[in-house]
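In what follows, a structure is listed as structure tokens, so that the remarks can point back to it.
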Amino acid sequence: MSIKSKAVTVMTILSLTAVMSAGSVLTNTNPAASAASSSVLHQNSGPIQVTLNGGSYIFENAPLMDKGTVYVPLRDLGEMLGIQVFWDITTKDITITYPGTLIHMPFGGKEAIINGKKVTLSTPARIIDGRAYLPLRFVSESLGINVQWNAAKRTVAVMHSSAYTKGLGVNTAVWLNRKTGEVLVAHPFNTKPVSIGKLDLDLKEYVTIDAQLLTGGGMMLTVIDNYGEPHIHNNVYTAYVKNNKIVKQAKAYYFKRFERSIVSYDNHPLLLDGKTLTVLDNEGTVIKTYDLPALGGKDEEYSVAAVSERFLIIRPNDTGLLTLINLKNNSRTLLYKELLTPEEQEYSEKNDIPYYGDELRFYEASENGILTFSYDSPLTGKNRILHYTMKP
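Read in order, the letters of the sequence shown are residues -22 to -1, 1 to 370 in mature numbering (1 follows the signal peptide of the UniProt record, and there is no 0).
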């Protein structure tokens, strides 16, 4: 079985998941309903402005008004409020999830269910010009969010100072309470978020969170806190979750250079504190640890690009030179010396803008020991695919 780098793959999956969960309704448009709704709404004059916590909020698709009700595009509404919106093609229901709240809305219906209780809708969800729109006031107030309408300025003021940062995984939404460290998970999307415990965090500034599901039923959480000026500090928190409980967690710190490390291999969860790589079993028991400074030969923080029974591929944070560790004899190979031109080698060693190191990226390993890398040359501006054959 070949081994592939997870960093780019995971982010691609997350991006696609976000688009599909919020936008799959758009592929089920009723043309007649769309045209009718469009003609009614376009009779209203003047654009609708929305502010969020006093600042102007720009939607990808403009809000619209019909008979006193402001409608906001489904996807834009989810991004603004930090909610997860799910369209069930089979039942034609819209589900909105948020910490403490689960809303079911039959598309086009007159009723909704909020945390198990039926409520009457004054206006249903609509399809307008091929896009799904929801009534802003109903959704906001169902979540306890204050909304004010200024008719003279045709402006909707939304006050929503949420303590949560939202992230995604495959059919999974996660919310991190930045104040308490509590994490809530909705898996699948159309279920009420449940608390899985608290992370040990000391958050500074720009925070992101995402989830990666493992085959054995576990989940890896990654929280990245990018801070300082000019934002060259990164605290990276990882946690293994099993049976909706945080089992183990770790924290690593990186200065200037930051690369996402893999968080699992062969369905084994991986925790990294920058110097020790810990391999867990499915229940969260430690089965192996790697002393990265000892293996890498430098007392630095490390990121991990690949793990297998045969090798590790690691990068020291300060010197930044991708290093292959042959686990048969713990020998080290500086890959830039094997794969780059003399000019590129010199650049990797001496250029410190923005940081030292090479631009090699691990892609995959074949069963016969051929390692494949991608390289963006800073000297030519071109990308190359490079191969290295491991020694027996």
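From the three backbone atoms N, C-alpha and C, an ideal C-beta is built for every residue, glycine too. Please read all numbers here as calculations on a predicted model, not as lab measurements.
_alpha helix (DSSP H) runs contained entirely in the stretch 58 to 84, provided each spans 4 or more residues_ = none
*Measure from the alpha carbon of residue 157 to the alpha carbon of each residue in 166, 176 and 169, then state which is nearest.*
176
*asked:* Any heavy atom of the ligand GDP closer than 6 Å to the beta-carbon of residue 46?
replied: Of ligands this structure carries none, so the ligand GDP is not represented either.
*In chain order, which beta strand (DSSP E) runs of at least 3 residues are fully inside the stretch 71 to 158?*
71 to 76, 79 to 84, 89 to 92, 95 to 98, 104 to 106, 109 to 113, 124 to 128, 133 to 137, 142 to 147 and 150 to 155
*Which ranges would you report for the alpha helix (DSSP H) in the stretch 204 to 279 if only whole runs of at least 4 residues count?*
270 to 274
*Taking the Cβ atom as the reference point for each residue, do residue 333 and residue 298 lie within a distance shorter than 7 Å?*
yes
*residue 239 and residue 281: beta carbons closer than 7 Å?*
yes
*Beta-carbon proximity check, residue 136 vs residue 125, cutoff 7 Å*: yes
*For residue 227 and residue 119, the rounded distance between their alpha carbons*: 36 Å
*Rounded to whole angstroms, what's the CA-CA distance from residue -1 to residue 190? Just pull it up for me.*
Interpretation of residue -1 is limited by its pLDDT of 39, a score under 50 that renders its predicted location unreliable; the figure taken from the coordinates is listed afterwards. One C-alpha to the other measures close to 19 Å.
*asked:* I need the DSSP call for residue 334, collapsed to helix, strand or coil.
replied: coil
_Between which residues of its own chain and residue 66 is the CB-CB distance below 6 Å, once the five residues before and five after are set aside?_
none
*Which residues in the same chain as residue 35 place their Cβ atom closer than 7 Å to its Cβ, once the five residues preceding and following it in sequence are excluded?*
28, 29 and 58
_Let me make sure I understand the geometry here. Which of 46, 45, 37 and 42 has the alpha-carbon closest to that of residue 56?_
37
*Below 7 Å between beta carbons: does that hold for residue 366 and residue 336?*
no
*asked:* Is the beta carbon of residue 224 closer than 7 Å to that of residue 217?
replied: yes
*asked:* At the level of alpha carbons, what is the spacing between residue 237 and residue 168?
replied: 32 Å
*asked:* For residue 129, tell me which candidate among 310, 47 and 319 has the shortest Cα-Cα distance.
replied: 47
*Keeping to the same chain, check which residues put their C-beta closer than 6 Å to that of residue 114; ignore five residues upstream and five downstream.*
48 and 50
*Ordered along the chain, which non-local residues of its own chain (more than five positions away) have a Cβ less than 6 Å from that of residue 183?*
205
*In three-state DSSP terms, what is residue 46?*
coil
_Quick test of your reading: residue 106 and residue 42, contact by CB under 8 Å. State the CB separation rounded to the nearest angstrom._
6 Å
*asked:* With the cut-off set at 7 Å, would you say residue 245 and residue 192 are in Cβ contact?
replied: yes
_Counterpart residues of residue 351 in DSSP-defined beta bridges_ = 340 and 364
*Mark residue 209 as exposed unless 16 or more other C-beta atoms lie within 10 angstroms of its C-beta, in which case mark it buried.*
exposed
*Go ahead and label residue 31 buried or exposed: buried means 16 or more other beta carbons lie within 10 angstroms of its beta carbon, across all protein chains shown.*
exposed
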